[in-house]
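**Student:** Residue numbers (the UniProt record's numbering): 1 to 119.
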Amino acid sequence: MSESDACLRKFQKELSAGTVSLALLAVLAQADAPLYGYLIAKRLERLGGVLSGTHSALYPVLRNLDGAGLPHSHVEPSASGPPRRYYRITQTGRDCLRDWSAAWRAPRDSVDAVLEGTH
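1. Where in the UniProt domain "Transcription regulator PadR N-terminal" (24-98) do unbroken runs of the beta strand (DSSP E), each at least 3 residues long, occur, reported from the N-terminal end onward?
2. Mapping DSSP to helix, strand and coil, what is Ser4?
3. Assign Ser80 to buried or exposed, taking buried as 16 or more other Cβ atoms, counted over all protein chains shown, within 10 Å of its Cβ.
4. Under the rule that 16 or more other beta-carbon atoms within 10 Å means buried, what is Pro60, buried or exposed?
5. Is the number of C-beta pairs between the region 85-93 and the region 102-119 that are closer than 8 Å three or more?
6. Find out if the Cβ-Cβ distance for the pair Leu25, Leu65 is shorter than 8 Å.
7. Using the C-alpha atoms, what's the distance from Leu62 back to Ser21?
Quick look at the structure:
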(Lines of atoms letter the chains of each structure in order from A and count residues from 1; the text may use other names and numbers.)
(Lines give C-alpha, C1' and ligand atoms only; values in the text may rest on other atoms or scores of the structure.)
Protein backbone atom coordinates (compact mmCIF):
# COMPACT_ATOMS: atom_id res chain seq x y z
CA MET A 1 0.00 0.00 0.00
CA SER A 2 1.38 3.39 -0.96
CA GLU A 3 1.73 6.25 1.48
CA SER A 4 -1.03 8.06 -0.41
CA ASP A 5 -3.37 5.05 -0.04
CA ALA A 6 -2.63 4.80 3.69
CA CYS A 7 -3.29 8.51 4.12
CA LEU A 8 -6.60 8.23 2.25
CA ARG A 9 -7.73 5.23 4.32
CA LYS A 10 -6.92 7.05 7.56
CA PHE A 11 -8.87 10.11 6.41
CA GLN A 12 -11.86 8.00 5.33
CA LYS A 13 -11.91 6.18 8.68
CA GLU A 14 -11.84 9.45 10.63
CA LEU A 15 -14.48 11.00 8.38
CA SER A 16 -16.84 8.05 8.59
CA ALA A 17 -16.84 7.79 12.40
CA GLY A 18 -19.49 10.46 13.00
CA THR A 19 -20.98 10.28 9.54
CA VAL A 20 -22.37 6.79 10.11
CA SER A 21 -24.12 7.88 13.33
CA LEU A 22 -25.64 10.87 11.56
CA ALA A 23 -26.80 8.76 8.61
CA LEU A 24 -28.29 6.07 10.89
CA LEU A 25 -30.33 8.61 12.83
CA ALA A 26 -31.50 10.18 9.56
CA VAL A 27 -32.65 6.80 8.21
CA LEU A 28 -34.51 6.06 11.45
CA ALA A 29 -36.11 9.52 11.42
CA GLN A 30 -37.40 8.96 7.87
CA ALA A 31 -38.85 5.51 8.64
CA ASP A 32 -42.56 5.01 9.19
CA ALA A 33 -41.98 1.91 11.32
CA PRO A 34 -39.14 0.42 13.39
CA LEU A 35 -36.28 -1.01 11.32
CA TYR A 36 -33.77 -3.79 11.99
CA GLY A 37 -30.10 -3.64 11.01
CA TYR A 38 -30.35 -5.27 7.60
CA LEU A 39 -33.18 -2.96 6.51
CA ILE A 40 -31.22 0.05 7.73
CA ALA A 41 -28.18 -1.10 5.73
CA LYS A 42 -30.32 -1.56 2.60
CA ARG A 43 -31.77 1.95 2.96
CA LEU A 44 -28.28 3.37 3.36
CA GLU A 45 -27.21 1.57 0.18
CA ARG A 46 -30.19 2.93 -1.72
CA LEU A 47 -30.03 6.49 -0.40
CA GLY A 48 -26.32 7.06 0.02
CA GLY A 49 -24.10 4.70 -1.89
CA VAL A 50 -20.97 6.15 -0.28
CA LEU A 51 -21.98 4.55 3.03
CA SER A 52 -22.89 1.19 1.52
CA GLY A 53 -19.60 -0.47 2.50
CA THR A 54 -20.14 0.10 6.21
CA HIS A 55 -22.42 -2.88 7.06
CA SER A 56 -20.07 -4.28 9.69
CA ALA A 57 -19.76 -0.84 11.28
CA LEU A 58 -23.53 -0.38 11.61
CA TYR A 59 -24.17 -2.74 14.49
CA PRO A 60 -21.66 -1.31 16.99
CA VAL A 61 -22.82 2.20 16.09
CA LEU A 62 -26.47 1.18 16.54
CA ARG A 63 -25.61 -0.29 19.96
CA ASN A 64 -23.84 2.93 20.97
CA LEU A 65 -26.74 5.08 19.78
CA ASP A 66 -29.19 2.80 21.59
CA GLY A 67 -27.11 3.03 24.76
CA ALA A 68 -27.37 6.82 24.53
CA GLY A 69 -31.16 6.60 24.20
CA LEU A 70 -31.25 8.04 20.68
CA PRO A 71 -33.21 5.18 19.23
CA HIS A 72 -35.30 2.80 21.31
CA SER A 73 -34.84 -0.86 20.45
CA HIS A 74 -36.75 -4.05 21.04
CA VAL A 75 -36.33 -7.66 19.92
CA GLU A 76 -38.96 -9.59 17.99
CA PRO A 77 -38.92 -13.17 16.77
CA SER A 78 -38.34 -13.69 13.04
CA ALA A 79 -40.08 -16.32 10.93
CA SER A 80 -37.01 -16.59 8.71
CA GLY A 81 -34.18 -16.84 11.23
CA PRO A 82 -32.94 -15.55 14.58
CA PRO A 83 -34.78 -12.80 16.48
CA ARG A 84 -34.32 -9.29 15.13
CA ARG A 85 -33.60 -6.09 17.05
CA TYR A 86 -35.78 -3.25 15.77
CA TYR A 87 -34.90 0.42 16.22
CA ARG A 88 -37.12 3.51 16.32
CA ILE A 89 -35.78 7.03 16.80
CA THR A 90 -36.72 8.77 20.08
CA GLN A 91 -37.45 12.45 20.59
CA THR A 92 -33.96 12.80 22.05
CA GLY A 93 -32.65 11.18 18.88
CA ARG A 94 -34.61 13.66 16.74
CA ASP A 95 -33.17 16.54 18.76
CA CYS A 96 -29.64 15.16 18.32
CA LEU A 97 -30.25 14.63 14.60
CA ARG A 98 -31.25 18.29 14.25
CA ASP A 99 -28.14 19.45 16.13
CA TRP A 100 -25.79 17.00 14.41
CA SER A 101 -27.18 17.98 10.99
CA ALA A 102 -26.41 21.63 11.67
CA ALA A 103 -22.96 20.70 12.99
CA TRP A 104 -22.36 18.66 9.81
CA ARG A 105 -23.55 21.32 7.36
CA ALA A 106 -21.42 24.21 8.64
CA PRO A 107 -17.99 22.62 8.07
CA ARG A 108 -19.22 20.79 4.95
CA ASP A 109 -20.27 24.08 3.36
CA SER A 110 -17.00 25.73 4.37
CA VAL A 111 -14.88 22.89 3.02
CA ASP A 112 -16.93 22.82 -0.21
CA ALA A 113 -16.30 26.54 -0.66
CA VAL A 114 -12.56 26.05 -0.17
CA LEU A 115 -12.45 23.05 -2.52
CA GLU A 116 -14.41 24.91 -5.20
CA GLY A 117 -11.91 27.75 -4.94
CA THR A 118 -9.05 25.39 -5.78
CA HIS A 119 -10.41 24.23 -9.15
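All C-beta atoms, glycine included, are put in the ideal place defined by N, C-alpha and C.
**Tutor:** According to the data block:
1. 71-78 and 81-89
2. helix
3. exposed
4. exposed
5. No, the region 85-93 does not touch the region 102-119.
6. yes
7. 8 Å
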